[in-house]
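For reference, the structure is listed below as structure tokens.
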Amino acid sequence: MAWFKRHDIGFVALSLVFAAACANPLDDTPASVQRILAPTGSLRVGVYSGSPSSIIAGDSPADARGVGHDLGKALAARLGVPFTAVVFSSNALVLAAVKAGTVDVTFVNATEERARDMDFTSSYMDVEKSFLVPADSPFKSLADIKSADIRVGVSAGSTSAEELRPLYAHAQLVKVPTLADARKMLARHELDAFATNDAILFEMSDKLAGSHVLSGHWGLEHFAAAIPKGRDAAISYLNAFIGEAVADGTVKAAIDRAHLRGTLASPDQ
Numbered sequence: 114m115a116w117f118k119r120h121d122i123g124f125v126a127l128s129l130v131f132a133a134a135c136a137n138p139l140d141d142t143p144a145s146v147q148r149i150l151a152p153t154g155s156l157r158v159g160v161y162s163g164s165p166s167s168i169i170a171g172d173s174p175a176d177a178r179g180v181g182h183d184l185g186k187a188l189a190a191r192l193g194v195p196f197t198a199v200v201f202s203s204n205a206l207v208l209a210a211v212k213a214g215t216v217d218v219t220f221v222n223a224t225e226e227r228a229r230d231m232d233f234t235s236s237y238m239d240v241e242k243s244f245l246v247p248a249d250s251p252f253k254s255l256a257d258i259k260s261a262d263i264r265v266g267v268s269a270g271s272t273s274a275e276e277l278r279p280l281y282a283h284a285q286l287v288k289v290p291t292l293a294d295a296r297k298m299l300a301r302h303e304l305d306a307f308a309t310n311d312a313i314l315f316e317m318s319d320k321l322a323g324s325h326v327l328s329g330h331w332g333l334e335h336f337a338a339a340i341p342k343g344r345d346a347a348i349s350y351l352n353a354f355i356g357e358a359v360a361d362g363t364v365k366a367a368i369d370r371a372h373l374r375g376t377l378a379s380p381d382q
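Structural data, given as structure tokens:
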């Protein structure tokens, strides 16, 4: 989405202004920033189950992995406050919680529509979007789907439906509550394909024998940190955190630990 990139000049300018005011804005976290970003005294990080871009549950909370989870943990450590993962069953519920201010930060695809309800930092990760199809699917490429009358699942509350309609006009788009539901519907052939970012699709494919992700992409997601409206006084600090996390390898380590696939390097990396 061209409106939002990490190399966007507005964010670059904001970072430079902030850097000029403070040699390293992350060396000392002002108490005011702590109060803005973690008003309850703990950083409540909104994540949703089943996505390596957010959180994949482990045998214990300490074994959880996911880019959003790990970046949230790193941010809490930087702020000097406890980390609390608030786990939801769907991304739509995470977004609702950010809008309501019941979580303090999440790490999610930044879109113009979502920016009406929350404030975003610059992006730290780009991920391709494609389709997951079951083992016996006749569809082998994105071109095969272009003119087919098929049932394509999309996550409820996601932007996928709006993006897909003009690209795949023949597809019947089915909103699915959770990723677990989508996997079951594919297995029962209630869906012919499921559309979202490749990070999620590959994770789903690992649990659905014979299924595969179609090569290529019909879109990209630009991931960024998001905070509730009204807390923008701390956005410069948060932008500096994101920039440092990209530069020092924190983002890459989180991607590797989550076994996240489908990422593309941003032009300025």
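Plus 113 on top of the position in the sequence shown (first one is 1) and you've got my numbering.
Where is the CB? At the ideal position from N, CA and C, for every residue including glycine.
As the structure is a computational prediction, the values presented were derived from the model and not from experiment.
Here the C-alpha atom of Thr153 lies approximately 10 angstroms from the C-alpha atom of Val194. Residue state for Tyr350 is assigned as helix, using DSSP reduced to three classes. Here the segment 234–244 makes no contact with the segment 188–202; the two share fewer than three CB pairs at distances below 8 angstroms. In this structure the segment 361–370 does not lie against the segment 284–296, because fewer than three pairs of beta carbons, one per stretch, are closer than 8 angstroms. Here the C-alpha atom of Ala248 lies approximately 54 angstroms from the C-alpha atom of Pro143.
Ranked by Cα distance from Arg264, the options Leu184, Leu321, Ala205, Phe307 are led by Phe307.
In this structure the segment 266–273 touches the segment 198–212; the number of beta carbon pairs closer than 8 angstroms is three or more. Taking every protein chain shown into account, the CB of Ala256 has fewer than 16 other CB atoms within 10 angstroms, so this residue is exposed. If you look at Leu245, you'll find it isn't in any alpha helix (DSSP H); it sits in the beta strand (DSSP E) that goes 231–246. 8 angstroms or more divides the Cβ of Gly185 from the Cβ of Val207.
Looking at the DSSP output, Pro341 bridges to Met231. In this structure, the straight-line span from the alpha carbon of Leu188 to that of His372 is close to 21 angstroms. Spanning the alpha carbons of Tyr350 and Val146 requires a straight line of approximately 8 angstroms. Closest by C-alpha distance to Ile368, out of Ala346, Glu316, Leu321, is Glu316. When Lys297, Asp172, Ala339 are compared, the shortest CA-CA separation from Lys320 is found for Lys297. As for any alpha helix (DSSP H) of minimum length 4 sitting wholly inside the segment 234–310, the runs are 255–259, 273–280, 292–300, ordered along the chain. When the five nearest sequence neighbours on each side are left out, the beta carbons in the same chain lying within less than 7 angstroms of the beta carbon of Ile149 are those of Arg344, Ala346, Ala347, in order along the chain. About 5 angstroms separates the Cβ atoms of Asp262 and His283, confirming a contact at the 8 angstroms cut-off.
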